[in-house]
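Q: Residue numbers for the sequence shown follow numbering that gives the first Met the number 0, so the first one is 0 and each next one is one higher.
Quick one: the structure is below, and I'll ask about it shortly.
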Amino acid sequence: MTRKRIYEIAKEFEVTSKELISKLAEMGMPGLKAANSVSEEEYGLIVNLYREESTPQAAPPKAKAESVPAEKKEEERKEEREEGTRGIVRPPIVSVLGHIDHGKTTLLDTIRNSHVTAKEAGGITQGVAAYQAELDGQMITFIDTPGHKAFTGMRARGAKATDIAILVVAADDGIMEQTIEAIDHIKAAEIPMIVAINKIDKPNADIDRVMQDLTKHGLTPEAWGGETITVPISALKGENIDELLEMVLLVAEMENLRADPDGKLEAVIIESHLAKGRGPVATVIVKNGTLREKDIIVAGSTWGRVRAMTDDAGARVSEAGPGKAVEVLGLQDVPRVGTMIDVYKSQSEAKNAAAKQKELEAAPRRSRAKMSVEDLFREAMEADKLRLVLKAASTGALEAAKREIEGIGVEGIDVEFIHTGVGPISEGDVLLASSIAEDCLVVGFGVKADGKATKVAERDGVAILTYEVIYELLDEIERALKSMLAPEYEEERMGEAEVREVFKIPDGVVAGCYVTDGKIERKAKVRVLRGGDEVFVGDILSLHRFAENVREVQNGRECGIRIKDFNEVMPGDRLSVFTLKEIKR
Ligand code: GDP
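Rendered as structure tokens:
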């Protein structure tokens, strides 16, 4: 018997992998993952368990959570919402990333050819930048533009187009520079990844080496006791593609991807262009709710009425529910990729919303290029975190820069490298920084930004800082880190006065005092002491000798003192006067 995997067994007994895993944990087999396999003996135990459970009551197999009958009471729906079983299971939306020539396009083509049932109308390839594949009746939506630049561009504005990423690594080449970039982009998106070890048909394929490399990058394969799902495939020969898709569905199940077709529309623009004779065209992926023909929509600074929609098979459709990708006609302008779509009730509301957004975008932003470097760093650190995309000319320089930056130990502030790499600052680097937060900085050490990167940085307001010498960078970071921390003060005692009389004046009182110790300065702070108690602390409003305003009064002299915001001073009070001195860090 071949060893069975957890998810296969779960399928057999019609429970979710999650349920089976927690059951097994109860039985004393903790820490199993859905892709793990079990021994024959363990399988026997599971069979017994489910037989025992079902025999006495002859319980029917558990109904799948998909269907929520319409007559369900709101109360029940609420409970289910809390348990995460509301709505329908929606297809996962998947992006393919990896190093150039490792087989991303081939994989997408192979899946399209083997697992897409709907044929394209008239055989004409449509412009829809996504397609739906099917495995055993379950759908998976693939975004057809591979690569991390596109991937991050699609979520540059906080929209989350993708649910799951497939990282393609060629088994004959191993982890390369763009593989590492892709890993960092996926990590920044905080979504699960599946590693497809590709080209296993090649004689020099070395799966073990890829697994070792993955471990080095913090992605220990499940087979080696880690958490990373790996599937060896040949995209070219179509080998193990079903297995890969099964894993995608499995991860989707674990993610509990659900949607309500009648709920609020959540849809992301994943591609857009201007087409001759058709006007602005946008490919939209629906994650929740339903997009319909004639809907009035706003996409960032543009709006329109959905004139026509085409699905991934090239067929005209009147609505698109969760998991669907459609090409939409009818927008006034070409929207930016990564923009979310909102539906409006009236054209005028939509027009207003788009105009408002346009104004926001056009408003002169505080030019980050003109901000002082110290300000930039300070801004970046307001979240107690300095986030950087760091590029350097060589591995050695990169490691040195990383080490030095990490070495700037300032309490309370973490330095987080979103991505580090060798080579010029690229568009992808800027997009990545922009997708993290406006205050994520792109720093180059001995490298420059290319033209596209500079352009995107200007558009998105991302600051790029480049240095030749490491100390320039370190000095600036350190200065900013220090200036970030709130200054600390210490009290310095100056003198004391005794209140002998209190005079009422039209807008308050004046304390007639005698300086008993040190001196009193007009700019000092004052503490009012009565008996053993402190009754007030604040500032001196004015200080005078006879009728004259003075800056200071020495020990042994009389003076009049007005205290800011305090008119309850009484004869016999003692005024202790002090200054605040900043402690240099
Ligand atoms: P991309 O740059 O990642 O999109 O890579 P492509 O899909 O364009 O593939 C690059 C090259 O690798 C092409 O010549 C493919 O035919 C080849 N290739 C892709 N997958 C496989 C595979 O599984 N086995 C073999 N032998 N070649 C592959």
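For every residue, glycine included, the Cβ atom is placed at its ideal position computed from N, Cα and C.
Is Thr-144 near the ligand GDP, in the sense that its beta carbon is under 8 Å from a heavy atom of that ligand?
A: no
Q: Near Pro-90, which residues of its chain fall below 7 Å by C-beta distance, leaving aside the five closest residues on each side in sequence?
A: Gln-131, Met-138, Ile-139, Thr-140 and Gly-322
Q: Quick check: what's the CA-CA separation for Thr-151 versus Pro-29?
A: 36 Å
Q: Answer yes or no: the CB of Thr-229 versus the heavy atoms of the ligand GDP, is any distance below 8 Å?
A: no
Q: Assuming Glu-415 contacts Arg-386 under a Cβ cut-off of 8 Å, what Cβ separation, rounded to an integer in Å, is found between them?
A: About 5 Å separates the two Cβ atoms, so the contact holds.
Q: Starting from the Cα of His-184, find the closest Cα among Gly-262, Tyr-343, Lys-503 and Ile-435 and give me that residue.
A: Ile-435
Q: So, is Lys-236 buried or exposed, given that buried needs 16 or more other C-beta atoms within 10 angstroms?
A: By the C-beta density criterion, Lys-236 is exposed, having fewer than 16 other C-beta atoms within 10 angstroms.
Q: Residue range of the beta strand (DSSP E) that Ala-400 falls in?
A: Ala-400 -> not in any beta strand (DSSP E); alpha helix (DSSP H) instead, spanning 394-406.
Q: What does DSSP give as the partner residues of Gln-553 in its beta bridges?
A: Lys-518
Q: Taking the C-alpha atoms as reference points, what is the distance between Ala-266 and Cys-439?
A: 26 Å
Q: Skipping 5 residues on each side, what residues in its chain have a beta carbon closer than 6 Å to that of Ala-352?
A: Val-297
Q: Of all the options Asp-205, Ala-204, Thr-227 and Asn-203, which has the alpha carbon lying nearest to the alpha carbon of Thr-214?
A: Thr-227
Q: From Leu-290 to Lys-186, what does the alpha carbon distance come to, in whole angstroms?
A: 30 Å
Q: Can you give the Cα-Cα distance for Ser-38 and Ile-5, rounded to whole angstroms?
A: Rounded to whole angstroms, Ser-38 to Ile-5 spans 11 Å at the Cα level.
Q: Please list, in chain order, all residues of the same chain as Asp-459 whose beta carbon is under 6 Å from its beta carbon, the five residues on each side excluded.
A: Ser-433
Q: Mind checking whether the beta-carbon of Ser-94 lies closer than 8 Å to any heavy atom of the ligand GDP?
A: no
Q: For Lys-608, which residues in the same chain have their Cβ closer than 6 Å to its Cβ, ignoring the five residues on either side in sequence?
A: The question about residue 608 has no answer, for the chain in this structure spans 0 to 584.
Q: For Thr-515, which option in Arg-499, Glu-491, Arg-529 and Asp-506 has the closest C-alpha, if you only look at C-alpha atoms?
A: Arg-499
Q: Buried or exposed: Gly-102, going by 16 or more other Cβ atoms within 10 Å of its Cβ?
A: buried
Q: For the beta strand (DSSP E) holding His-418, just list the boundary residues, first then last.
A: 413-421
Q: Out of Ala-170, Ser-300, Glu-189 and Gln-346, point me to the one whose CA is closest to Arg-208's CA.
A: Ala-170
Q: Please report the straight-line C-alpha distance between Ala-523 and Met-569, rounded to a whole angstrom.
A: 20 Å
Q: Per the DSSP calculation, Ile-504 is bridged to which residue(s)?
A: Gly-507
Q: Would Arg-315 be called buried (16 or more neighbouring beta carbons within 10 Å of its own) or exposed?
A: exposed
Q: Return yes when the C-beta of His-101 is under 8 Å from any heavy atom of the ligand GDP, and no when it is not.
A: Yes, since a heavy atom of the ligand GDP falls inside the 8 Å radius drawn around the Cβ of His-101.
Q: Any chance the CB of Ile-206 is under 8 Å from a heavy atom of the ligand GDP?
A: no
Q: Please classify Ala-361: is it buried, with 16 or more other beta-carbons within 10 angstroms of its beta-carbon, or exposed?
A: exposed
Q: Is Pro-233 near the ligand GDP - that is, is its Cβ less than 8 Å away from at least one heavy atom of it?
A: Note that residue 233 corresponds to Ser in the displayed sequence, not to Pro. Checking every heavy atom of the ligand GDP against the Cβ of Ser-233, one is found closer than 8 Å.
Q: Could you tell me which residues DSSP puts in a beta bridge with Pro-279?
A: Leu-273
Q: What is the DSSP secondary structure of Gly-30, reduced to helix, strand or coil?
A: DSSP places Gly-30 in coil when its eight states are reduced to three.
Q: I'd like to confirm something about Asn-203: is its beta-carbon nearer than 8 Å to some heavy atom of the ligand GDP, or not?
A: no
Q: Verify whether the separation of the beta carbon atoms of Val-230 and Leu-218 is less than 9 Å.
A: no
Q: Would Asn-548 be called buried (16 or more neighbouring beta carbons within 10 Å of its own) or exposed?
A: exposed
Q: Please confirm whether any heavy atom of the ligand GDP lies closer than 8 Å to the CB of Lys-198.
A: For Lys-198, the distance from the CB to the nearest heavy atom of the ligand GDP is below 8 Å.
Q: Taking just the CA atoms, how far does Asn-35 sit from Lys-350?
A: Taking the straight line from one Cα to the other gives about 53 Å.
Q: Could you name the residues of the same chain whose beta carbon sits closer than 7 Å to that of Ile-206, not counting the 5 residues immediately before and after it, in chain order?
A: The answer, listed in chain order, is Ala-170, Ile-196, Ile-199 and Pro-231.
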